[in-house]
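Visitor: First, the structure itself, so that you have it in front of you.
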Amino acid sequence: MNITDNPLKKKPNKKRRVYRNRTVMILSLVLAIVLSVLFLQEFVLGNLNHNNERVRGFYLEDENSIDVVTIGSSEVYCAFAPGLNYKECGFTSYPFATEGNTVRNFKAMYKEMMRTQDPKLIVIEINGALYSDKNIAREANLRRVSDNIPLNENKVELIDEWVTENKIEYYAPFIKYHGTWDKLPTTIGWTFTLLQERFRGYSLLKGVKNFNEIYVTGSKVYAKESSALKVRKPLFSEADKNLKEFLDFLKEEGVSRDKILFVRFPHVITNANLSRYQRGNTIGDIVRRYGYNFVSFEMDDEDINLDPYKDFYNIEHMNIYGQQKFSKFFAHYLQDNYDITPTSLTAKQKAEWDEAARWYDAYAAYNIDLIEKGAKKREISESYFIMQEIKKYLK
Amino acid sequence: MSYTSINFLIFVTVTMLVYFLFPKKFKEYKWTVLLVASYVFYLFAGVQYVGFILFTTTSTFLGALWMDKMSRKTKDHIREHKADLSRDEKKKLKERTKRNKRLVVALILVLNFGILAFLKYAKVLFMGGTGDLLVVLGISFYTFQSMGYIIDIYRDTVPAQRNFFKFALFVSFFPQIVQGPIGIYSSLAEQLYKPHSFDYDRFRQGFLLILWGLFKKMAIADNANIAIRTVTEHYQAYGGTTLLFTIVLYAFQLYMDFSGGIDISRGVAQIFGIDMMENFRRPYFSKDISEYWRRWHISLGNWFKTYLFYPLAMSNAFLSVSKGIKKSKFGATKVGAHIAKVLPTSFASFIVFFMVGVWHGANWKYVAFGVYNGGIIMLAVLMKPVFEAVLRKLHINPDCAPYTAFRIIRTFILILVGYVFDVAPSFEESMMTFRLIFTDQNFKVGYGEISELGLSGIALGYLAICIVFIFIVSVIQERHASTTIRSVLIKKPAIVRWGVIYIAIMAILIFGVYGSGFNAADFVYAQF
Chain A
192 MNITDNPLKK KPNKKRRVYR NRTVMILSLV LAIVLSVLFL QEFVLGNLNH NNERVRGFYL
252 EDENSIDVVT IGSSEVYCAF APGLNYKECG FTSYPFATEG NTVRNFKAMY KEMMRTQDPK
312 LIVIEINGAL YSDKNIAREA NLRRVSDNIP LNENKVELID EWVTENKIEY YAPFIKYHGT
372 WDKLPTTIGW TFTLLQERFR GYSLLKGVKN FNEIYVTGSK VYAKESSALK VRKPLFSEAD
432 KNLKEFLDFL KEEGVSRDKI LFVRFPHVIT NANLSRYQRG NTIGDIVRRY GYNFVSFEMD
492 DEDINLDPYK DFYNIEHMNI YGQQKFSKFF AHYLQDNYDI TPTSLTAKQK AEWDEAARWY
552 DAYAAYNIDL IEKGAKKREI SESYFIMQEI KKYLK
Chain B
9 MSYTSINFLI FVTVTMLVYF LFPKKFKEYK WTVLLVASYV FYLFAGVQYV GFILFTTTST
69 FLGALWMDKM SRKTKDHIRE HKADLSRDEK KKLKERTKRN KRLVVALILV LNFGILAFLK
129 YAKVLFMGGT GDLLVVLGIS FYTFQSMGYI IDIYRDTVPA QRNFFKFALF VSFFPQIVQG
189 PIGIYSSLAE QLYKPHSFDY DRFRQGFLLI LWGLFKKMAI ADNANIAIRT VTEHYQAYGG
249 TTLLFTIVLY AFQLYMDFSG GIDISRGVAQ IFGIDMMENF RRPYFSKDIS EYWRRWHISL
309 GNWFKTYLFY PLAMSNAFLS VSKGIKKSKF GATKVGAHIA KVLPTSFASF IVFFMVGVWH
369 GANWKYVAFG VYNGGIIMLA VLMKPVFEAV LRKLHINPDC APYTAFRIIR TFILILVGYV
429 FDVAPSFEES MMTFRLIFTD QNFKVGYGEI SELGLSGIAL GYLAICIVFI FIVSVIQERH
489 ASTTIRSVLI KKPAIVRWGV IYIAIMAILI FGVYGSGFNA ADFVYAQF
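Protein sequence lines correspond, in order, to chains A and B.
Going left to right, the first sequence walks through residues 192 to 586 as my numbering numbers them.
Going left to right, the second sequence walks through residues 9 to 536 as my numbering numbers them.
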């Protein structure tokens, strides 16, 4: 008789098979749930907006392929256009910036940037050090950065340093954002964008964003010569502390003054933001004390030819007209004052950057067209549905 | 530790592992795992509460032993002196024992219900504040459960538990401590002490029940609660349409919250081999208020029926009133005979519901809630011949489907009226709600207000779909009451079974209210 025919042997085998099947099913279920949650967290229920796209787009850039990286907040991506810079001066750049980005995040962002890129110049827009203590501690300002940094020691350090409650939610943002399912109709465009971008492997607009509006202030705009612009106002305590910590860190890292540039991008200066301007002066002093360069472009209108009544969409941010003028000016400024020899790109990288330049032109044309037509205010960024419109302007 | 938290999930998993891996050699002590787990669970709520549960456990345990000793002593004495004692002497001896036992049971009841009443009423009566003096986790539920036991001992229906720790487990069993169901000693205790082995089928059934409960609580009730909480926090700011909407939503939310919690409790217990009683049987399909209370919070209803309603209805005082009416001239009439027959039960019902209202908390709105429910039941019983006569006159068959549907809708409306007392922050505001519901209906204003209650249009649509889904499930359950959807699902092919589990878990993860993006709501009944 064959041993497999033994009825005594058959039962344990059957039992074992049942156990094995159950184990496989349970493990498959767990795996399916984990993968589903990760997918949803990354592409669907992650409180998605232009910030996610821009930061993730940065990580999609090939290693050591970016010549200039600008760290900062919303001023950066409204003013700094990598596609245009590339077309103008041939160097690659990226706005590693998020809305409301504070000086607290700068260290982690710097480390992340250095982990993935070896830029010839790092530009720091100092808006993040102008915030009040309350603004600096705002959860959203941290999360826009931390949610998009891949899990690594820099992310852990950032969270450990600034988060005291619900830490787990910073590692698993799904816990916090799963309830945004009812906002899916408004965020689904970002789902498509992020998926497309991930499969494509690079961003098309390189993080730029504007609104199709022209801001005309009713208040007095300060002139360059105004004595009020010479005043130095102290920073808020947290900002002051965090800025100095960041500068100490740069010193410890041995970052030289020809590798980093602190800047203040243009604004319309009225009484509403005069104190911010004056705090900007103080930041300039602090930065220079540490031996780094600081340049304010806020009142440099004559060189840039910025029109405070046409080139902004609000008091803080430039519109497409301002962006085109300033970005071109700034690209040349960097080339003239710093050693930015464009990285030699591979054929694939070059094709991608040529494509980015074409997309930027289409983005600008679409934006200007909307302004000229007096169309309803809309956010113009790399969202899927907006890109369908921009596509029509591609040449 | 909330039943819907990750901590609870980990806690149950660890308890399960320890329980089912307990050495076979010591299997008669397996129940100690449940006892330790129950006290660990209780300690998570706060060390300061343990004194209360220990007092109830100890006083009830000792009181029961004391009464048991009295009974045995009397029995032994009668047995030993069987020949010497006359029938009258034996009777007197038994009566004396009964009297002494009554004193003991009264003492235990006064002490324990006294604590409950003190915590619920002291702040209002002596400090001029509102709300409970201290919300002790599960105090109502373990007090009712323990007092049921002591009354059973008094009635000699169950033997006294002689092991303090076993009794402590009966009082504190963690899946039911927060909001019931209130267990009966005769059906629950032995299940707790019996060593259960792991049973995959029981595990599956229990797991599915937990999932169902989590879905009802986290993905439905807590979403609805976002709107309800917004209204209750700014009650005076809303018009009649919004208040009516809130009351209807509350009916749904409360049912999902409470029954969801009970499903989790029963599911966890089932995994450990313990069957806890069903606490809800689709209450909104009730055809009258009495039936509703037989389908809603069944264990509490049973408790009141066993330990308050019957003793009242069968008491000499009530029966003598009934007899008095019967003997009177009025009792000779048809109406009088009916009233004499039903008065003890209807009046006992009224008192029971009055007590249910009082138990809910120190607020006139709860008293009104009790009086309203008790009053309707009393009226329904007393007026039954009149209603029957009207039906006959109108040639309506009381069993026909349209009339049944009418009764269900009518009862649901009556339930909603009762919920007004529950939702409104005070009795005065509940009266205001009634006034506004009848006099301030403005769809446009209501639509505007409802859209700003913290739920988007999509979220409201989702809740509407959930209501339809729960309705369909309830109709299926109602038609096939002898079987459960879980047992049907378990027989389906693996792909269907596992697919449903996957969908259920994902639905809880996506639609559930948890994390700092929300303020997850506590179980509504945990506060009582």
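All residues carry an ideal CB built from backbone N, CA and C; glycine is no exception.
If you follow the beta strand (DSSP E) that A/Arg-455 is in, where does it begin and where does it stop?
Guide: For the purposes of this step, residue 455 of chain A is identified with residue 264 of the first sequence, where counting begins at 1. Here the beta strand (DSSP E) through A/Arg-455 covers 451 to 455.
Visitor: Using three-state DSSP, classify A/Met-192 as helix, strand or coil.
Guide: What you label residue 192 of chain A is simply residue 1 of the first sequence in a count that begins at 1. Summary for A/Met-192: the model assigns pLDDT 45, below 50, so the residue's position carries little reliability; its value from the coordinates is reported in the next sentence. Three-state DSSP puts A/Met-192 in coil, outside helix and strand.
Visitor: At a cut of 8 angstroms, does the stretch 221 to 239 of chain A reach the stretch 258 to 265 of chain A through at least three beta carbon pairs?
Guide: Judged by Cβ distances under 8 angstroms, the stretch 221 to 239 of chain A makes no contact with the stretch 258 to 265 of chain A, as fewer than three pairs qualify.
Visitor: May I ask you to report which of helix, strand or coil DSSP gives A/Pro-376?
Guide: Translated into the one-based positions of the first sequence, residue 376 of chain A becomes position 185. Of the three classes helix, strand and coil, the one that applies to A/Pro-376 here is helix, per DSSP.
Visitor: Kindly say whether A/Ile-194, judged by its beta-carbon, lies nearer than 9 angstroms to any beta-carbon of chain B.
Guide: By 1-based counting over the first sequence, the position of residue 194 of chain A is 3. In this prediction, A/Ile-194 has a pLDDT of 48, which is less than 50 and means its spatial position is unreliable; nothing more can be read from the coordinates.
Visitor: Rounded to whole angstroms, what is the Cα-Cα separation between B/Arg-303 and B/Val-366?
Guide: For the purposes of this step, residue 303 of chain B is taken as residue 295 along the second sequence, with counting starting at 1. For the purposes of this step, residue 366 of chain B is taken as residue 358 along the second sequence, with counting starting at 1. In a straight line, the C-alpha of B/Arg-303 is about 21 angstroms away from that of B/Val-366.
Visitor: Helix or strand or just coil, what does DSSP make of A/Val-422?
Guide: Stepping through the first sequence from its first residue, residue 422 of chain A is reached at position 231. Coil, per DSSP.
Visitor: With 16 as the cutoff for other CB atoms within 10 Å, does B/Gly-378 come out buried or exposed?
Guide: Taking the second sequence and counting its residues from 1, the one referred to as residue 378 of chain B is at position 370. Buried, since its Cβ has 16 or more Cβ neighbours within 10 Å.
Visitor: By the 10 Å Cβ neighbour count, where 16 or more other Cβ atoms means buried, how is A/Lys-298 classified, buried or exposed?
Guide: Position 107 of the first sequence, counting from 1, holds the residue named residue 298 of chain A. Flag for A/Lys-298 reads buried.
Visitor: Given a cut-off of 9 angstroms, decide if B/Glu-396 and B/Pro-406 are closer than it, judged by their beta-carbon atoms.
Guide: In the second sequence, the residue the question calls residue 406 of chain B occupies position 398. In the second sequence, the residue the question calls residue 396 of chain B occupies position 388. Yes.
Visitor: In or out: B/Cys-408 buried (at least 16 other Cβ within 10 Å) or exposed?
Guide: Taking the first residue of the second sequence as position 1, residue 408 of chain B is located at position 400. Under this definition B/Cys-408 is an exposed residue.
Visitor: Hey, out of B/Gly-426, B/Lys-373, B/Pro-352, whose CA is closest to B/Leu-390's CA?
Guide: Taking the second sequence and counting its residues from 1, the one referred to as residue 390 of chain B is at position 382. The shortest Cα separation from B/Leu-390 among B/Gly-426, B/Lys-373, B/Pro-352 belongs to B/Pro-352.
Visitor: When you compare each of B/Phe-215, B/Tyr-162, B/Leu-316, B/Leu-42 to B/Val-26 by their alpha carbons, which one comes out closest?
Guide: Residue numbering aside, residue 26 of chain B sits at position 18 when the second sequence is read from its first letter. Of the listed residues, the one whose Cα sits closest to B/Val-26 is B/Leu-42.
Visitor: Measuring only between beta-carbons, confirm whether A/Ser-487 sits less than 9 angstroms from chain B.
Guide: One-based indexing of the first sequence puts residue 487 of chain A at position 296. No - not a single Cβ of chain B is within 9 angstroms of the one on A/Ser-487.
Visitor: According to DSSP, is B/Ala-528 helix, strand or coil?
Guide: The residue you call residue 528 of chain B lines up with position 520 of the second sequence. Interpretation of B/Ala-528 is limited by its pLDDT of 46, a score under 50 that renders its predicted location unreliable; no figure is taken from the coordinates.
Visitor: From A/Phe-437 to B/Ile-272, what distance separates their C-alpha atoms?
Guide: Working through the first sequence from its first residue, we reach residue 437 of chain A at position 246. Working through the second sequence from its first residue, we reach residue 272 of chain B at position 264. Rounded to whole angstroms, A/Phe-437 to B/Ile-272 spans 50 angstroms at the Cα level.
Visitor: What's the gap between the Cα of B/Ala-528 and the Cα of B/Asp-230?
Guide: Stepping through the second sequence from its first residue, residue 528 of chain B is reached at position 520. Stepping through the second sequence from its first residue, residue 230 of chain B is reached at position 222. Confidence in B/Ala-528 is poor, its pLDDT being 46 and thus under 50, which makes the residue's placement unreliable; the coordinate value appears in the next sentence. Their backbone Cα atoms lie some 7 angstroms apart in a straight line.
Visitor: Which term fits A/Met-192, buried or exposed, when burial requires 16 or more other beta carbons within 10 angstroms of its beta carbon?
Guide: As a working mapping, residue 192 of chain A is identified with position 1 in the first sequence. Model confidence at A/Met-192 stands at a pLDDT of 45, short of 50, so the residue's coordinates are unreliable; what they give is reported in the following sentence. Under this definition A/Met-192 is an exposed residue.
Visitor: Residue range of the alpha helix (DSSP H) that B/Pro-501 falls in?
Guide: Start at 1 with the first residue of the second sequence, and residue 501 of chain B comes out as number 493. Here B/Pro-501 belongs to no alpha helix (DSSP H), and DSSP marks it neither H nor E.
Visitor: Please specify which runs of the alpha helix (DSSP H), each continuous and at least 4 residues long, are wholly inside the stretch 337 to 396 of chain A, giving them in chain order.
Guide: Fully enclosed alpha helix (DSSP H) runs of 4 or longer: 344 to 353, 359 to 362, 365 to 368, 375 to 391.
Visitor: Can you tell me whether DSSP reads B/Thr-12 as helix, strand or coil?
Guide: Position 4 of the second sequence, counted from the first residue, corresponds to residue 12 of chain B. B/Thr-12 falls in the coil class under three-state DSSP.
Visitor: Could you check if A/Gln-579 is buried or exposed, using at least 16 other CB atoms within 10 Å of its CB as the buried criterion?
Guide: Reading the first sequence from its first residue, position 388 is the one you call residue 579 of chain A. Answer is exposed; the Cβ neighbour count stays below 16.
Visitor: Could you tell me which whole alpha helix (DSSP H) segments of length 4 or greater appear in the stretch 204 to 273 of chain B?
Guide: Entirely contained in the stretch 204 to 273 of chain B, the alpha helix (DSSP H) runs reaching 4 residues are, in chain order, 208 to 222, 230 to 241.
Visitor: Is the beta carbon of B/Ser-330 closer than 9 angstroms to that of B/Ala-348?
Guide: Numbered from 1 along the second sequence, position 340 holds the residue referred to as residue 348 of chain B. Numbered from 1 along the second sequence, position 322 holds the residue referred to as residue 330 of chain B. Yes, the Cβ-Cβ distance between B/Ala-348 and B/Ser-330 is below 9 angstroms.
Visitor: Cβ closer than 9 angstroms: which chain B residues qualify as neighbours of A/Glu-360?
Guide: Within the first sequence, numbered from 1, the residue matching residue 360 of chain A stands at position 169. Under the 9 angstroms cutoff, chain B gives Gly-523, Ser-524, Gly-525.
Visitor: Select from B/Thr-341, B/Ile-333, B/Phe-361 the residue whose C-alpha is nearest the C-alpha of B/Asn-310.
Guide: Here the question's residue 310 of chain B lines up with position 302 in the second sequence. With distances taken between Cα atoms, B/Asn-310 lies closest to B/Phe-361.
Visitor: Against B/Phe-519, what residues of chain A qualify as contacts under a CB-to-CB distance less than 9 angstroms, listed in chain order?
Guide: Residue numbering aside, residue 519 of chain B sits at position 511 when the second sequence is read from its first letter. Simply His-369, Gly-370, Trp-372.
Visitor: Please decide whether B/Ala-472 counts as near chain A, where near means a Cβ-Cβ distance under 9 angstroms.
Guide: Translated into the one-based positions of the second sequence, residue 472 of chain B becomes position 464. No, because no Cβ of chain A sits closer than 9 angstroms to the Cβ of B/Ala-472.
Visitor: Using a Cβ-Cβ distance cut-off of 9 angstroms, determine whether A/Ile-379 contacts chain D.
Guide: Considering every chain present, this structure includes no chain D. Its protein chains are A and B.
Visitor: Once you ignore the five residues that flank B/Val-239 on each side, which residues in its own chain have a CB closer than 6 angstroms to its CB?
Guide: Translated into the one-based positions of the second sequence, residue 239 of chain B becomes position 231. The residues are Tyr-246, Thr-254.
Visitor: So B/Gly-188 and B/Leu-17 are supposed to be a Cβ contact under 8 angstroms. How far apart are they, rounded?
Guide: Taking the first residue of the second sequence as 1, we reach residue 188 of chain B at position 180. Taking the first residue of the second sequence as 1, we reach residue 17 of chain B at position 9. Contact flag wrong, Cβ pair sits at about 21 angstroms.
Visitor: Taking 9 angstroms as the threshold (C-beta atoms), are A/Leu-525 and A/Tyr-301 in contact?
Guide: Here residue 301 of chain A refers to the residue found at position 110 when the first sequence is read from its first residue. Here residue 525 of chain A refers to the residue found at position 334 when the first sequence is read from its first residue. No, these two residues do not count as a Cβ contact at 9 angstroms.
Visitor: Taking a Cβ distance cut-off of 8 angstroms, strictly less, list which residues of the stretch 218 to 229 of chain A are near chain B, in chain order.
Guide: So the list reads Ser-219, Leu-220, Ala-223, Ile-224, Ser-227, Val-228, given in the order they occur along the chain.
Visitor: Taking only beta-carbon positions, decide if B/Ser-13 is within less than 9 angstroms of chain A.
Guide: Counting from 1 along the second sequence, the entry for residue 13 of chain B is found at position 5. With 9 angstroms as the cut-off, B/Ser-13 does not count as an interface residue toward chain A.
Visitor: Using a Cβ cut-off of 8 angstroms, which residues of the stretch 495 to 519 of chain B contact any Cβ in chain A, in chain order?
Guide: Residues Ala-502, Trp-506, Ile-509, Tyr-510, Ile-513, Met-514, Leu-517, Ile-518, Phe-519.
Visitor: For B/Phe-1 versus B/Gln-169, is the C-beta spacing smaller than 9 angstroms?
Guide: Here chain B comprises residues numbered 9 to 536, so residue 1 of chain B is not present and cannot be evaluated.
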